[in-house]
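Which chain is which? The protein sequence lines are A and B, in order. According to our numbering, the first sequence is numbered sequentially starting from 1. According to our numbering, the second sequence is numbered sequentially starting from 1001. Even for Gly, the Cβ is constructed at its ideal location relative to N, Cα and C. Below is one structure; the comments refer to it alone.
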Amino acid sequence: MSTDVDALRVEDLSIAYGGAAPSVSEVSLRVRAGEIVGVIGESGSGKSSIALAMMGLLPDSATVTAQAMTVAGSEMKDASERDWGTVRGVRASMVFQEPMSALNPCMRIGAQIAEVLLIHGLADKKAAQAKALDILKLVRMPDPERRMKYYPHQLSGGQRQRVVIAIAVAADPTLLVADEPTTALDVTVQAQILDLIRALRDETGMGVLFISHDLGVIGQLCERIAVMYRGRIVESGTTQRVLENPQHPYTRALLESIPRPSVPVRSALAVIPADNDFDRVPAVLEEAS
Amino acid sequence: MSGVAGSGVDGSGVDGSGVDGSGVDATGRSGDDVLRVTNLTQRFGHGDNAMVALDDVSLNVRRGETLGLVGESGSGKSTLARAILLMRKPTAGSIEFDGGDVTGLRGSALRRHRRRVQMVFQDPNDSLDPRFAIGRSVAEPLVAAGMSATDRRMRVFESLEQVGIPADAVNRYPHEFSGGQRQRIAIARAMAADPEFIVLDEPTSALDVSVQAQVLNLLVRLQERTGVTYLFITHNLAVVHHIAHRVAVMHNGKIVEEGTGEQVMNAPEHPYTRTLLESMPVLYRT
Chain A
1 MSTDVDALRV EDLSIAYGGA APSVSEVSLR VRAGEIVGVI GESGSGKSSI ALAMMGLLPD
61 SATVTAQAMT VAGSEMKDAS ERDWGTVRGV RASMVFQEPM SALNPCMRIG AQIAEVLLIH
121 GLADKKAAQA KALDILKLVR MPDPERRMKY YPHQLSGGQR QRVVIAIAVA ADPTLLVADE
181 PTTALDVTVQ AQILDLIRAL RDETGMGVLF ISHDLGVIGQ LCERIAVMYR GRIVESGTTQ
241 RVLENPQHPY TRALLESIPR PSVPVRSALA VIPADNDFDR VPAVLEEAS
Chain B
1001 MSGVAGSGVD GSGVDGSGVD GSGVDATGRS GDDVLRVTNL TQRFGHGDNA MVALDDVSLN
1061 VRRGETLGLV GESGSGKSTL ARAILLMRKP TAGSIEFDGG DVTGLRGSAL RRHRRRVQMV
1121 FQDPNDSLDP RFAIGRSVAE PLVAAGMSAT DRRMRVFESL EQVGIPADAV NRYPHEFSGG
1181 QRQRIAIARA MAADPEFIVL DEPTSALDVS VQAQVLNLLV RLQERTGVTY LFITHNLAVV
1241 HHIAHRVAVM HNGKIVEEGT GEQVMNAPEH PYTRTLLESM PVLYRT
């Protein structure tokens, strides 16, 4: 894997559905090789639309405009479905929130991982099984030899998400897009999956775009974060800077709305007023580099 | 809260109506427990295949306090909630409410008891019928309580006002409201019949944090105003630390740790509590 290519570079991305006002407005994002960048936002902020756009998975009703949209080194701004076929699942892949809907319930998990390698011509039939086992080991599946033959329903939620991640990293992608991959999991399992994503990044050098509504999870995993509100990035920077010294009023309000031990017990938490003018406050963006 | 005093055998002689929870400090059982669960066991299946969902659980909740019940999926926390709501007969053990054993209640006695205990679910749609206007859903517990139509109208307006939902909502339908508004309406419904005890099962888990903040603030306010008692069930230790007077941690059908939020978060004694804490993102521990 080349480390001089950015995993992702997007400039002035806007997404609109039908004739409606844009869901995403002029968003710029960069994920360097080996970097984990978080996008945090509440429901309706546009974060999931960005994830889908990065994989060419938006519905036909969506209008996408951008200055540039370079995914795993390829310019995908005006890419056709055929172009996406050479990128998606190979050089850029995605993990969703719900592992059960990403897996085939009637297929053994070993075969599902091998399938990715076969489809993309990365292994022949003979080698695919052995390689699938290696990948299952890579995602720290306990007792991988036996689990190769399991069906998804025989696995726990955390193990299923490991299989989904195995399928995503099978082709050694340059970019991994993870959309709320731990939201459906218990907190102890969530911690394990976050550790796994970090370890895979360390071992493979892939870049990760991590999308979540959970500031705690984003803070735990990501080196840099972008805070989205009403379709725009209102603040971005290193995780430490944004969490410890938030500049934009929306970021501040979001942090103050979280119950934490440092907030007096049973005191009123900050509430984001419905008639706020946060989207008129200029964004606080990190220096481009 | 009114109309509560005198309904139970209360040896302490303390008037419970004014307790707002802030006076609750000592640990151990006190004379003013509104709920006492003793050696409760719930087994599913038989023999070697039996699954023990609740394993000898004992728990007490004082009038006017919030007890936070934390656990992961499969810990037994929702089974315990169902048992407390008398939705299933336990295999063994007893549940006392306001000094009286309610474990085996049936018929009209059970219906009378049910008015005093309400529930709020994670998904507000579980208590709001999409085909009913809001007014009808909120009034439902009042119909069950036998309240007259005029009184019901008044009470519905009061309940909605308490949770900050405008009165014209009574003629609108659940889909016209946001998730946070729907959860506030579900809380208004639970509060309408002036219950003594509300089981809140992950009431904010499906909400955005900014909306969760509104709902948590609302729950604290309502408790201060009415003296209602909460059992707050969640997987989120930071949330219970914020809202609860005491916290109980469940794991594998057992309560493994109990104490104030401070004790549980700053000095956890059980290894499972420690694992739970270490798994939490740092942001929620500081």
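If you measure from the beta carbon of residue i to each beta carbon in chain B, is any gap under 8 Å?
i	result
A/Thr188	yes
A/Ala191	yes
A/Val271	yes
A/Val37	no
A/Val24	no
A/Gly216	yes
A/Tyr17	no
A/Gly231	no
A/Ile197	no
A/Ser257	yes
A/His213	yes
A/Ser262	yes
A/Glu42	yes
A/Arg201	no
A/Leu252	Correcting the residue identity first, residue 252 of chain A is Arg in this sequence and not Leu. A/Arg252 does not count as touching chain B.
A/Asp266	It is Arg, not Asp, that sits at residue 266 of chain A in the sequence shown. So, interface residue.
A/Gln220	yes
A/Leu243	yes
Report back the beta-carbon spacing between residue i and residue j to the nearest angstrom; my notes put them in contact at under 8 Å.
i	j	result
A/Gly44	A/Val227	That pair is no contact at about 14 Å.
B/Gly1107	B/Leu1040	Between B/Leu1040 and B/Gly1107 the Cβ distance is about 22 Å, and since that is not below 8 Å, they are no contact.
B/Ala1069	B/Phe1232	Going by the sequence as given, residue 1069 of chain B is Leu instead of Ala. Right, the Cβ-Cβ distance comes to about 7 Å (below 8 Å), so this counts as a contact.
A/Pro173	A/Val90	7 Å
B/Glu1257	B/His1242	So it is not a contact: roughly 18 Å between Cβ atoms.
B/Met1280	B/Ala1238	7 Å
A/Ser74	A/Val87	6 Å
A/Val25	A/Arg232	Checking the sequence shown, residue 25 of chain A turns out to be Ser, not Val. With a Cβ gap of about 5 Å, A/Ser25 and A/Arg232 count as contacting.
B/Ile1255	B/Leu1059	6 Å
B/Asp1082	B/Pro1195	Per the sequence shown, residue 1082 of chain B should be read as Arg rather than Asp. Going by Cβ atoms, the distance from B/Arg1082 to B/Pro1195 rounds to 17 Å, so no, they are not a contact pair.
A/Leu136	A/Arg147	7 Å
B/Val1037	B/Ile1095	5 Å
Is there at least one Cβ from chain A nearer than 8 Å to residue i's Cβ?
i	result
B/Tyr1284	yes
B/Pro1141	no
B/Ala1026	Confidence at B/Ala1026 is low in this model, with a pLDDT of 44, below 50, so the placement of that residue should be treated as unreliable; the coordinate-derived value is given next. No, B/Ala1026 lies away from the interface with chain A (no Cβ there is under 8 Å from its Cβ).
B/Gln1214	yes
B/Val1156	no
B/His1242	yes
B/Thr1275	yes
B/Val1117	no
B/Met1265	yes
B/Asn1252	no
B/Ser1073	yes
Quick check on residue i: buried or exposed, where buried means 16 or more other Cβ atoms within 10 Å of its Cβ?
i	result
A/Ala20	exposed
B/Asp1126	exposed
A/Ser23	buried
B/Tyr1272	buried
A/His248	buried
B/Arg1131	exposed
B/Phe1044	exposed
A/Ala293	Here chain A covers residues 1 to 289 and nothing more, so residue 293 of chain A does not appear.
A/Leu175	buried
B/Ala1139	buried
B/Val1143	exposed
B/Ile1084	buried
A/Leu215	buried
B/Gly1016	Residue confidence is low: B/Gly1016 scores 39 on pLDDT, short of 50, so the model does not pin down where it sits. Its coordinate-derived value is still stated next. Buried.
B/Thr1286	exposed
A/Ala132	buried
A/Gly121	exposed
A/Pro59	exposed
A/Thr251	buried
Which one of the options has the shortest CA to CA distance from residue i?
i	options	result
A/Arg160	A/Thr238, A/Asp279, A/Ser49, A/Ala102	A/Ala102
A/Gly85	A/Val116, A/Val39, A/Gly207	A/Val116
A/His153	A/Val189, A/Met100, A/Asp134, A/Ala111	A/Met100
B/Arg1136	B/Leu1283, B/Gln1118, B/Val1170, B/Glu1161	B/Val1170
B/Ala1133	B/Tyr1173, B/Val1156, B/Gln1118, B/Ala1149	B/Tyr1173
A/Ala283	A/Val27, A/Asp6, A/Lys125	A/Val27
B/Thr1091	B/Asp1056, B/Val1120, B/His1113	B/Asp1056
A/Leu138	A/Gly157, A/Ile165, A/Asp124, A/Leu155	A/Ile165
B/Ser1075	B/Val1102, B/His1235, B/Arg1036, B/Arg1274	B/His1235
A/Ala268	B/Ala1109, B/Asn1252, B/Leu1222, B/Gly1180	B/Leu1222
B/Leu1080	B/Met1119, B/Arg1062, B/Gly1100	B/Met1119
Across the region 64-75 of chain A and the region 12-29 of chain A, are there enough close Cβ pairs to call them in contact, namely three or more that are closer than 8 Å? With contact defined as three or more Cβ pairs closer than 8 Å, the region 64-75 of chain A and the region 12-29 of chain A are in contact.
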